[in-house]
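Undergrad: Numbering (this note's numbering), first residue to last: 1182 to 1797.
If you scroll down you'll find the structure; I have some questions about it.
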């Protein structure tokens, strides 16, 4: 079943009337119906499904069962259902109010801010609403006028009639006036800061709360210029795109369309009656109905007499992502544009004295600061990716265990998501580095890439069909801890003979020092070997032998198109490549006649992890 018909959540705010029951067929028994939340997955009032196998379930429950893919690929940037649509009947004036933007709302209310649009369904003669200020005012004057009840003197009253459209961006002071009936499409939020309420009292007999300090912090005090850039749409922004459908039932009786994989389609029926068909299913509609077609529903048709608002989610304009690479000594982060280029970055020390929660809070502050310094609105960010050393549960967004940074059972996605209003993804930092190289580095012409990251430890990332390989179990791959010599050297993991015990930089230096009888550096080992030092040449040969064994094992298992050598050893990797290539030809199953992968040195250095994390 693709077509969902929804029953709204009903709100009896004191300023409401009864027209939504009388004229819009809303099933409600109360005396006052101020708002009908027609399409809502918000916990304060989810709409209910009335047809098919999900009848009786809420839209929230439907999404939990079917998964967020029913919203479409353009909605992947949202943590939750992106919009809320409603009918509003203002029998009396609504309070003077303002909605915060995402950054402020998430920090202070733990939910999104609100940008919205109004379509005026009806308005009594002389009806008007407030929309911003007549003139620019200072914060001090704003506060003073709130306190002495003269705020209305500086507000901008806008007369309205049926069919008028207004776009209310977050931070715009506004209020619907009495005698106005409105259809509203908004961000999925219920955050409102009330500034002025005409001295009214609520059901408890007390004056309703005002939110003056928060309103002062978020209100745009410059007069608003009405937007005229939505053509050919009724409204168009990063949060929703709204189109108007008019079928008069005579000359125009049928409309056909297609719901692709990019976005769901919401149809809010403002007037008329008829049928909607999709995939052999047909339902009837009438004035006041709300219809939902999930992404990928395919071709549909609307027939009859119909006046409707049709809402989809488009691709975000000029999106950016944030990539973070957490290491044991420092944290690197960067802002990535839609060409996978780092346009701004920052590196700061990893503070081991901080708890995991304190580190995540600091990380959130650093992200917001980096965006602000580069004059990039938080709303442009469609995702944050974090690469972390250790065992990761990507599905739950948890760091299970990381010895390098001493984290255990840390719900980083949940905690960081409280600050950043977009999806947060995590992966092992070696996987992130491999993904970065596969996207824009040495592996950009390949879809199946294995990368060995040879540093103080040995990590690795496996990219198959362009995606990070995790396997069926939590934690992903641990290339460095495959055994290449039974009962061999003791590894940092406690086992013997692991690849890391032989091919980490630390292991190579220790081998060089044993051969030389004194301390040596990595550069000295390679330089002396090039100069003909027999002992150092043997050290390099043994290193190549162990690394080659690891490479051959991985090639036999995954048959990648490309093997990359990265990490600190990559500076010297050109010296290693001929031996590794020879071992692959001789020792890989099937020999030279089989599909031997290409071999190359990683190009992006320490930027690979940032780019890969951003693109998770």
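Where a beta carbon is used, it is the ideal one built from N, C-alpha and C, also for glycine.
Everything numeric in this text was worked out from a predicted model, so none of it was measured.
(1) When the distance is taken between beta carbons, is residue 1295 closer than 7 angstroms to residue 1367?
(2) Which residue from 1268, 1203 and 1580 puts its Cα closest to that of residue 1219?
(3) Thinking just about the alpha-carbon of each residue, which of 1734, 1563, 1791 and 1691 is nearest to the one in residue 1665?
(4) Contact defined as beta carbons within less than 8 angstroms: I believe residue 1369 pairs with residue 1223. What is the distance between those atoms, to the nearest angstrom?
(5) Determine the direct distance from the alpha carbon of residue 1416 to that of residue 1168, and round the result to whole angstroms.
(6) Tell me which same chain residues have a C-beta within less than 6 angstroms of the C-beta of residue 1299, skipping the five on either side of it?
(7) Contact defined as beta carbons within less than 8 angstroms: I believe residue 1727 pairs with residue 1693. What is the distance between those atoms, to the nearest angstrom?
(8) Can you look up residue 1439 in the DSSP assignment and give me helix, strand or coil?
(9) Roughly how many angstroms lie between the CA atoms of residue 1436 and residue 1428, to the nearest whole one?
(10) For residue 1395, is the classification buried or exposed, using 16 other Cβ atoms within 10 angstroms of its Cβ as the cut-off for buried?
(11) Decide if the region 1464-1474 is in contact with the region 1439-1452; the criterion is three or more beta carbon pairs, one per stretch, under 8 angstroms apart.
(12) Kindly indicate the opening and closing residues of the beta strand (DSSP E) around residue 1723.
(13) Suppose you measure from the CA of residue 1690 to the CA of residue 1787; what does that come to, to the nearest Å?
(14) What ranges does the alpha helix (DSSP H) occupy inside the region 1376-1422, keeping only unbroken runs of at least 4 residues that lie completely in it?
(15) With respect to the alpha helix (DSSP H) encompassing residue 1756, which residues constitute its N-terminal and C-terminal limits?
(16) When the Cα atoms are used, what is the spatial distance from residue 1338 to residue 1308?
(17) Take residue 1753 as the anchor and find which of 1743, 1780 and 1708 has the nearest alpha-carbon.
(18) Look at the Cβ atom of residue 1304, then the Cβ atom of residue 1359, and state whether they are nearer than 7 angstroms.
(19) CB residue 1758 to CB residue 1608, shorter than 7 angstroms?
(20) How many whole angstroms separate the CB atoms of residue 1799 and residue 1789, which I take to be in contact at a CB cut-off of 8 angstroms?
(21) Taking a contact to mean a Cβ-Cβ separation below 7 angstroms, would you say residue 1543 touches residue 1530 in this structure?
(22) Taking DSSP's pairing of strands, which residues face residue 1425 in a bridge?
(23) Am I right that residue 1600 and residue 1288 are in contact with their C-beta atoms under 8 angstroms? What's the rounded C-beta distance?
(24) Note down the Cα distance separating residue 1732 from residue 1641, rounded to an integer number of angstroms.
(25) Is it true that the CB of residue 1225 sits closer than 7 angstroms to the CB of residue 1371?
(26) What does DSSP give as the partner residues of residue 1452 in its beta bridges?
(27) By a C-beta neighbour count over all protein chains shown, 10 Å radius and 16 as the cutoff for buried, is residue 1246 buried or exposed?
(28) Given 8 angstroms as the limit, is there contact between the region 1313-1321 and the region 1258-1272, that is, 3 or more CB pairs closer than that?
(29) Let me know the secondary structure DSSP gives residue 1670 once reduced to three states.
(30) Report yes or no: do the region 1582-1598 and the region 1524-1538 share at least 3 C-beta pairs separated by less than 8 angstroms?
(31) Helix, strand or coil for residue 1249 per DSSP?
(32) To the nearest angstrom, how far is the alpha carbon of residue 1452 from that of residue 1484?
(33) Counting beta carbon pairs with one atom in the region 1224-1243 and one in the region 1183-1191, are three or more of them shorter than 8 angstroms?
(34) Using CA atoms only, rank isn't needed, just tell me which of 1698, 1434 and 1233 is closest to residue 1456.
(35) When you compare the CB positions of residue 1617 and residue 1793, do they come within less than 7 angstroms of one another, or not?
TA: Judging by the given coordinates:
(1) yes
(2) 1268
(3) 1734
(4) 6 angstroms
(5) With the chain covering 1182 to 1797 only, the question about residue 1168 has no answer from this structure.
(6) 1347, 1363 and 1365
(7) Actually they do not touch by this definition, with Cβ atoms about 14 angstroms apart.
(8) strand
(9) 8 angstroms
(10) buried
(11) yes
(12) Residue 1723 -> not in any beta strand (DSSP E); alpha helix (DSSP H) instead, spanning 1715-1739.
(13) 22 angstroms
(14) 1393-1399
(15) 1754-1768
(16) 10 angstroms
(17) 1708
(18) no
(19) no
(20) The structure shown does not extend to residue 1799, since the chain is modelled only from 1182 to 1797, so the question has no answer here.
(21) no
(22) 1490
(23) 7 angstroms
(24) 11 angstroms
(25) yes
(26) 1488
(27) exposed
(28) no
(29) coil
(30) yes
(31) helix
(32) 13 angstroms
(33) yes
(34) 1434
(35) yes
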